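Numbering (the UniProt record's numbering), first residue to last: 1 to 1185. Where is the CB? At the ideal position from N, CA and C, for every residue including glycine. Since this is a predicted model, take the numbers as computed values, not measurements. A quick write-up on the structure given underneath.
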Amino acid sequence: MKTFLPTFVILPLLLLVSCQSESPTLFQRIEADKSGLTFANRITENDTFNILAFEYVYNGGGVGTADFNGDGLTDLYFSGNTADNRLYLNLGDFKFLDVTEQAGVSGRGRWCSGIAISDVNGDGRPDLYVSATVREPGRHRANLLYINQGNEAGENGTQIPRFTEVAGTCGIADTSHTTQSVFFDYDRDGDLDLYVLVNEMDDRTIPNRYLPKLIDGSGRKNDKLYRNEGNGPDGLPRFVDATRETGILKEGYGLGVSVCDLNQDGWPDLYVTNDYVTNDLLWINNQDGTFTDRAAEYLKHTSYSAMGTDVADLNNDGLDDIITVDMYPEGNLRRKAMMPPNNYNGYLNNERFGYQPQFTRNSLQINRQLNDSTFRFTEVGMQAGVAATDWSWSPLAADVDNDGDRDLLITNGFPRDVTDRDFMDYNVVMSRLASREVRLAQIPSVKIANYAFENDGHDIPSFRKRTAEWGFEYPSFSNGAAYADLDNDGDLDYVVNNINDSCFLFRNNLITPDHRPDATHWLTITLKGQGQNTGALGARVTVDAGSRTMSAYNHPGRGFLSSVSDVLHFGFAPGDSLVAVTVAWPDGNRRIYKDVKWDQRVTLSAMEGEPDAPRAQPTAAPLFVETSDLVRQLPMHRDCLFIDFNVQPLLPHKLSEYGPALAVADVNGDGLDDLYRSGSHFYRGDLLLQGRDENGRPTFSPGGLLGTEPGPEELGSLFFDADGDGDQDLYLVSGGSEYSLDRPELRDQLLLNDGAGNFTLNTGALPDIQSSGSCVRAADVDRDGDLDLFVGGRLNPGRFPEPVDSYLLINDGRGNFAPASPPEFSALGLVCDALWTDYDNDGWVDLLIAGQGMGLQLFSNRDGTLSASASSSLSGHTGWWNGLNGADFDLDGDIDYVATNFGTNNLYGQSGKDYVGLYGADFDGNGGYDLIVGNYALAEDGSYQEFPHHQRTDTEKQLISVKQRYERHDQFGRATIADVVGGYPEAEVTILRTDYLRSAWIENLGGGEFKFHELPREAQSSPLYGVQTLDVNGDGHPDLIAIGNDYGAETGMGTLDALNGLVMLYDPEAGDFRTVTDAEASFYVPGDGRSLTVLEVDGSARLIASENSGTTRAFRPTTGTGRYLPVPPDVQRVTYRMGEKQTAEEVYYGSGYLSQRSRGVWLPAGAEDLKMIGFDGAARPVPSK
């Protein structure tokens, strides 16, 4: 990325006038009196026509760009609502001439909205299709088709295009309240068809009300598709309504539409954004003249009030991504004033009525290719930094700084903050008492600057706000926008349609006559199509830039109500080159152009270039193959619905959906690994025994007897020999938030094995501990020959985040356990996982503990006694840690660690730093326990301060006195967390401040010192839970496999579901991990991932991945993971030599979140000098086989 610093000379005279000059900005606003662009979309309210009577009064107008008169300069067209549309010819040097009346394109008498510019009749000239809405009767809102008839000379010889309106003749004078329209060749017959996006505000229903979906085409808000039947004798195209026969049968409050090819099959698809409760639509072209909505298959969730959209490749992986915008504010005051309270009923209604989840924030959907024919999108808008841009309309993805990746420009603004919570409260009271005029005067009106973001170019891109640096700090009410190179200098300029203000014209100063950057270059491409599709709409252009590949889908309909330049623009960063340009033309023909040079404007034709057959990319075999038939006997995991937010309304996430656990052991003594998946509230766990069918193939079948009850929420699950009889007993931790501590369902269970896999509850073996726990881990802590236990305490139900006790239970050798916890285990915290590990190689097993609102806690074992380590390099990173595992990643002989965390794809990191504060107390002294969540947010003065995360209505559900202290929502929006908490001076407050939310691997430096390494950005896109180490590429270094997501996050933030399973390979040269693509990994776990384990089947590894309320899946590595070496029960680690490097692998009784894997190691090829080390520190003989 570059900072824009144009060269200029500061005259000495200027130094006398001012001691400092303003820093130059990338864009410069050109005032209307200089440019001649005087268009303003002015809208006047009255008693009968206003925001209270009609919600769409301020949806605004669009911008269209095209060279209408063929002089080589891009002209501008604006649509107006109560104002007439205007056409401005580009005279050069950012001066424009209004020729609307001469051209005949004013749209007078219409409430015009969207602009579609295409050569509709195939004569080589751009035509205008203007969408209309609002007016009654229908003929007053008929859409308009202006056919470009060519030029006539005006004054001073100016070539003025003349248009004729022919929508009625062509059959597309549609009257169905059109928001926007797009031309595209959906049937690839060579001419342009028409999609009409409909949005009718039906007074008979509330738009946010859940109703059965209309999917039969009968809805009044059903979009239209018109098929082009070819030109008639008069040279004009004729269209017929093909809506039903093409399958466009779902209605919605349509606000945006993008033509795209998301599955890259060469056939145009459609992405449609819908307002209110109606879901977005993803119309995939079936190549047979029909479409199927596959939004639910491709997308896990979308924006709620989705407005504009753009579809473009934002990370240069060759796959198009999706950006949609909504209404979530950046500043804390407007968040508290504008946002609705959380509502879990929306989740329930989504399931009841078959709606996809939607959340009120911008969405950035990154296209992930799973295999040659399957795609899935990962939503990372919060992580990317673009989720909050207030009441937004037009997102445009374009490379405005010519560095080789697309940046984002987003317009926003609404003249009446009708969703202001204080006004809504006022309106409820005064709607029958005050006139509409009086009430209108109470609605706030706040102008906000539009947003600009610079792309950092990563696989998961991060965008840095550049509004000020790029010159966009002009508060406005902006709607449609477009980019185009208006002066043909090689950079993109920007035009915005405003309500009640003159339009904005921004000149890009990256390249000027006096400044041409040496480091970056550019290329603009115009495509010359064949037949009636003269603009080659639907073509894909790919630029081989040497160090990167850039691609663009050719269609001008982008953003909101607008049509951008039909010239494709590419920038080149330092180190790039221009090797070749490839065009996949709309008819499937592919041509490669090798003589193209940068820093020029070129026109490419399908008749030029060389034939270029699609080249299959060389791909290695995927690292995993799904073998879920192996666990087909496991039913879908079920978890009884429990709404934690009804108990503590301000919880950041549910506490009742943390299972299931997975545990592995040979429970029936046949030498084969068996599998237990823990039960949940009202559902028993499942035990599968490994066996062989008649053909010797492995099977897993239900077996054994479990003496468990269906009531407890089983979390930690562990097989170990508790009573020393040589078989595997089972410890089950009872946890969750469904029960109070005095209930028997929260008593842990120890089940003794009879040796054949039948288990009986031992009621007297465990101390009477009242705890809602998490994990259980075993090790011989005191070297007395039996296994002792650590049991982690997770929470006190109804009193989150009050720290709770954890326990060290010492085994008497006969399976009876007594507490022997060190003092630090009292109120230790909210423990999620633990690992018995010998971090210092002294032969004594130590304890590493992870939890929520905790730093990683290390307890050193000195002769059987645990004491807290003083290692600040571990405890200094306070996180919402979930899982722990260990391996010698760098092969230096000591154990490194991996810790899974909450990640960065959330609303807590707006300040650029991780931070969440949890404040718990009986604030109001009523005997209950209250929780307030704090995070850093943007204050009115531009600083970041800690504010309550939730708005006032949510907060008063937990703490009713807040409503009394802050009578208005805007007052609460100015209250910091110190103000709110400080208002209860008598309260004894528990404070858990978290400053590190990133999943990490922790390098063991020796001497009790550790170094944190943030895992790749993909690993931060969701909360990670289960993680296992395994050498999956055969290079001798342990790699990482992880799963995650959290579908129980608070509803204002929404489901955290970006992860589909993750494989990270250790790169010894970089000394760090790199992410494997989804297609390369073929490790697909898209649901609410929890525990992850590894077991042995016929000497090879199988990964078993669980999901809460989802499927349990099995995977087999395709590359040999080495020779499997089972180890005896008393072995703690195996050491061996790899070449000159001495390394070790610990064998855990439980590792990774709620997981236990086979007790053995997979030895890499070349492993020598094997040694087994027991819990007593002594070597054991290594089996010869």
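Just checking my contact of residue i with residue j at CB under 8 Å: how many whole Å lie between their CB atoms?
{"i": "alanine 606", "j": "aspartate 576", "result": "Not really, about 26 Å apart at Cβ, beyond 8 Å."}
{"i": "aspartate 485", "j": "threonine 74", "result": "7 Å"}
{"i": "leucine 847", "j": "leucine 795", "result": "That belief does not hold up - the Cβ atoms of leucine 847 and leucine 795 are roughly 20 Å apart, past 8 Å."}
{"i": "aspartate 896", "j": "arginine 998", "result": "With a Cβ gap of about 16 Å, aspartate 896 and arginine 998 do not count as contacting."}
{"i": "leucine 938", "j": "glutamate 200", "result": "Incorrect: roughly 37 Å between the Cβ atoms, too far for contact."}
{"i": "proline 341", "j": "glutamine 951", "result": "6 Å"}
{"i": "glycine 588", "j": "glycine 912", "result": "That belief does not hold up - the Cβ atoms of glycine 588 and glycine 912 are roughly 46 Å apart, past 8 Å."}
{"i": "proline 660", "j": "asparagine 1108", "result": "7 Å"}
{"i": "leucine 766", "j": "threonine 760", "result": "With a Cβ gap of about 14 Å, leucine 766 and threonine 760 do not count as contacting."}
{"i": "glycine 571", "j": "threonine 520", "result": "6 Å"}
The alpha helix (DSSP H) spanning residue i covers which residue range?
{"i": "leucine 333", "result": "332 to 338"}
{"i": "phenylalanine 96", "result": "No alpha helix (DSSP H) contains phenylalanine 96, which is instead part of the beta strand (DSSP E) from 95 to 98."}
{"i": "asparagine 695", "result": "Careful: asparagine 695 lies outside any alpha helix (DSSP H) and carries neither H nor E."}
{"i": "valine 438", "result": "436 to 440"}
{"i": "phenylalanine 423", "result": "421 to 430"}
{"i": "alanine 32", "result": "32 to 35"}
Pull up the distance between the alpha-carbon of residue i and that of residue j, whole angstroms please.
{"i": "leucine 931", "j": "leucine 918", "result": "7 Å"}
{"i": "aspartate 501", "j": "leucine 1024", "result": "48 Å"}
{"i": "isoleucine 810", "j": "serine 826", "result": "16 Å"}
{"i": "proline 1181", "j": "arginine 376", "result": "49 Å"}
{"i": "serine 21", "j": "glycine 471", "result": "Residue placement at serine 21 cannot be trusted, given a pLDDT of 45 that sits under 50; what the coordinates show is reported in the next sentence. Distance between the alpha carbons of serine 21 and glycine 471: 15 Å."}
{"i": "asparagine 151", "j": "glycine 104", "result": "12 Å"}
{"i": "leucine 884", "j": "proline 444", "result": "50 Å"}
{"i": "tryptophan 1001", "j": "valine 776", "result": "22 Å"}
{"i": "valine 928", "j": "aspartate 922", "result": "For clarity, residue 928 is glycine in the given sequence; the question names valine instead. Taking the straight line joining both Cα atoms gives about 6 Å."}
{"i": "tyrosine 1084", "j": "aspartate 407", "result": "30 Å"}
{"i": "proline 126", "j": "tyrosine 146", "result": "9 Å"}
{"i": "phenylalanine 1175", "j": "aspartate 673", "result": "23 Å"}
{"i": "tyrosine 839", "j": "proline 556", "result": "59 Å"}
{"i": "phenylalanine 700", "j": "alanine 1101", "result": "15 Å"}
{"i": "lysine 1171", "j": "valine 1127", "result": "11 Å"}
{"i": "glycine 1152", "j": "aspartate 317", "result": "32 Å"}
{"i": "alanine 482", "j": "valine 380", "result": "25 Å"}
{"i": "isoleucine 284", "j": "leucine 249", "result": "13 Å"}
What is the residue span of the beta strand (DSSP E) that residue i lies within?
{"i": "serine 1155", "result": "Unbroken run through serine 1155: none, as it is neither H nor E."}
{"i": "methionine 1053", "result": "Neither: methionine 1053 is in no beta strand (DSSP E) and is coded neither H nor E."}
{"i": "alanine 484", "result": "478 to 484"}
{"i": "lysine 1011", "result": "1009 to 1014"}
{"i": "arginine 368", "result": "363 to 369"}
{"i": "aspartate 242", "result": "Reading off the sequence shown, one finds alanine at residue 242, where the question assumed aspartate. Per DSSP, alanine 242 belongs to no beta strand (DSSP E) and is neither H nor E."}
{"i": "leucine 348", "result": "Careful: leucine 348 lies outside any beta strand (DSSP E), inside the alpha helix (DSSP H) at 345 to 353."}
Whose C-beta lies closer than 8 Å to the C-beta of residue i among residues of the same chain, with five residues either side of it excluded?
{"i": "glutamine 728", "result": "Ala665, Asp666, Val667, Phe719, Phe720, Asp721, Asn753"}
Quick one: residues in its chain with C-beta nearer than 6 Å to the C-beta of residue i, no 5 flanking neighbours on either side, listed in chain order?
{"i": "arginine 361", "result": "Asp326, Tyr328, Ala387"}
{"i": "lysine 300", "result": "Asp1057"}
{"i": "threonine 324", "result": "Thr273, Ser303, Ala306, Thr309, Ser363"}
{"i": "arginine 42", "result": "Ala83, Asn500"}
{"i": "methionine 854", "result": "Gly829"}
{"i": "tyrosine 1124", "result": "Glu1096, Gly1099, Gly1160, Trp1162"}
Please work out which residues of its chain come closer than 7 Å, Cβ to Cβ, to residue i, disregarding the five sequence neighbours upstream and downstream, and give them in chain order.
{"i": "glycine 354", "result": "Lys213"}
{"i": "alanine 173", "result": "Ala142, Asn143, Ala167"}
**Prompt:** Where are the alpha helix (DSSP H) runs, 4 residues long or more, that stay fully inside the segment 828 to 900, in chain order?
**Reply:** 872 to 875
**Prompt:** Where in the segment 62 to 118 do unbroken runs of the alpha helix (DSSP H), each at least 4 residues long, occur, reported from the N-terminal end onward?
**Reply:** 100 to 103
**Item:** beta strand (DSSP E) segments (min. 3 residues) lying fully within the segment 282 to 336
**Value:** 291 to 293, 309 to 312, 321 to 324
**Item:** Uninterrupted beta strand (DSSP E) stretches inside the segment 699 to 727 (no shorter than 3 residues)
**Value:** 713 to 720
**Request:** Could you name each continuous beta strand (DSSP E) segment of 3 residues or more that falls completely within the segment 169 to 220, going from the start of the chain to the end?
**Result:** 178 to 184, 193 to 198
**Complete runs of the beta strand (DSSP E) confined to the segment 582 to 670 [at least 3 residues]** = 590 to 593, 600 to 605, 624 to 626, 662 to 665
**Message:** What ranges does the beta strand (DSSP E) occupy inside the segment 959 to 1023, keeping only unbroken runs of at least 3 residues that lie completely in it?
**Reply:** 990 to 994, 1000 to 1006, 1009 to 1014
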